[in-house]
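Enquirer: Could you have a look at this structure, given as structure tokens, before my questions?
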Amino acid sequence: MNFIAQRKQMVQIQLIDRGIKSERVLAAFSALARHEFVAVELINSAYEDCPLPIGAGQTISQPYMAALMTELLELKGNETVLELGTGSGYQTAILAALAKQVHTIERITHLSARAQAKFKLLGINNIQAHEGDGTLGLAQFQPYDAIIATAAAPQVPMPLIEQLKDNGKLIIPVGNRGFQTLTLIEKKNNQIFKTEKCGCVFVPLIGEKGWQSDDY
Ligand code: SAM
-12 MNFIAQRKQM VQIQLIDRGI KSERVLAAFS ALARHEFVAV ELINSAYEDC PLPIGAGQTI
48 SQPYMAALMT ELLELKGNET VLELGTGSGY QTAILAALAK QVHTIERITH LSARAQAKFK
108 LLGINNIQAH EGDGTLGLAQ FQPYDAIIAT AAAPQVPMPL IEQLKDNGKL IIPVGNRGFQ
168 TLTLIEKKNN QIFKTEKCGC VFVPLIGEKG WQSDDY
């Protein structure tokens, strides 16, 4: 089954009707098979309007939230992007369709390994996957044109701001463990501008500059 009709409906009802406008972003969500990134037993739910479990207590984000975050980065195709939280690899693959190079970092070994196998299977070759603590960024490939955190932090980790290029954009959910604000950070002439976009609920970004694993 190729789920073309479900994907078309997802793009229309969940993305376009809710205000996602970027043609490039809509084309990427129309083209990418989301059902490839969920477990077989959830395949019929792959295009539903919600996050889905991917194991280890983690989730593949709701399509709308993934699209909104992607749109806010305003990728043109030439960028080097850093993603924190590879998870299923779905958001990573969307970014790879819209940017030149994507570095993605995941703290859970088997999620990273599974996503990497999926990128290979789908023939996506502009993603470099890393394992580790994304709250520290990824210093060896900085600076980044865009940074996206797909898990929530109590505050914006300073290494991410430092590793962002001038004129770069960083999108990250910031707040407490139960509720956050999707926050856009822009660096212009080395000054930092912060815009709060909307409320959201994400799993925690666990690491040195994020939550400690036993924080509540
Ligand atoms: N983008 C993912 C997708 O499309 O499936 C959604 C990922 S899920 C909402 C958030 C991910 O962030 C989880 O896989 C989690 O293990 C990961 N994570 C949490 N803290 C992290 C950290 N410090 N560094 C890297 N990954 C982290």
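Under the numbering used here, think of the first position of the sequence shown as -12, with each following residue one higher. Just so you know, even glycine gets a beta-carbon here, dropped at the ideal spot from N, CA and C.
For S200, tell me which candidate among I95, T79, C187, A14 has the shortest Cα-Cα distance.
Expert: Minimum Cα distance to S200 is reached at I95.
Enquirer: For I40, which residues in the same chain have their Cβ closer than 7 Å to its Cβ, ignoring the five residues on either side in sequence?
Expert: Contrary to the premise, residue 40 reads as Pro rather than Ile in this sequence. T46, listed in sequence order.
Enquirer: Grab the span of the beta strand (DSSP E) containing I111 for me, first residue to last.
Expert: Neither: I111 is in no beta strand (DSSP E) and is coded neither H nor E.
Enquirer: Judging by CA-CA distance, which residue of L98, A53, L169, L109 is the nearest neighbour of Q1?
Expert: Per the Cα distances, A53.
Enquirer: Flag Y34 as yes when its Cβ comes closer than 7 Å to any non-hydrogen atom of ligand 1, and as no otherwise.
Expert: Y34 Cβ: outside cutoff for every heavy atom of ligand 1.
Enquirer: If we count the other Cβ atoms within 10 Å of its Cβ and call it buried at 16 or more, is E93 buried or exposed?
Expert: Classification for E93: buried.
Enquirer: In or out: E10 buried (at least 16 other Cβ within 10 Å) or exposed?
Expert: By the neighbour-count rule (16 or more Cβ atoms within 10 Å), E10 is not buried but exposed.
Enquirer: Does any heavy atom of ligand 1 sit closer than 7 Å to the C-beta of G162?
Expert: No, the beta carbon of G162 sits no closer than 7 Å to any heavy atom of ligand 1.
Enquirer: Going by C-alpha to C-alpha distance, which of K(-5), T91, E183, G194 sits closest to Q127?
Expert: The option with the nearest alpha carbon to Q127 is T91.
Enquirer: First and last residue of the beta strand (DSSP E) that includes K174?
Expert: Where K174 is concerned, the enclosing beta strand (DSSP E) stretches over 167 to 175.
Enquirer: Between the region 96 to 110 and the region 190 to 200, do at least 3 Cβ pairs fall closer than 8 Å?
Expert: No, they do not touch.
Enquirer: Identify the continuous alpha helix (DSSP H) that holds Q(-4) and give its terminal residues.
Expert: Start and end: -9 to -4.
Enquirer: If you draw a straight line from the alpha carbon of F166 to that of V143, how long is it in whole angstroms?
Expert: The alpha-carbon atoms of F166 and V143 are separated by roughly 15 Å.
Enquirer: For the beta strand (DSSP E) that I92 lies in, which residues bound it at each end?
Expert: Unbroken beta strand (DSSP E) run through I92: 88 to 93.
Enquirer: Would you mind giving the Cβ-Cβ distance between L169 and K156, rounded to the nearest angstrom? I have them listed as a contact below 8 Å.
Expert: Not confirmed; about 13 Å, so no contact.
Enquirer: Using three-state DSSP, classify Q127 as helix, strand or coil.
Expert: Q127 falls in the helix class under three-state DSSP.
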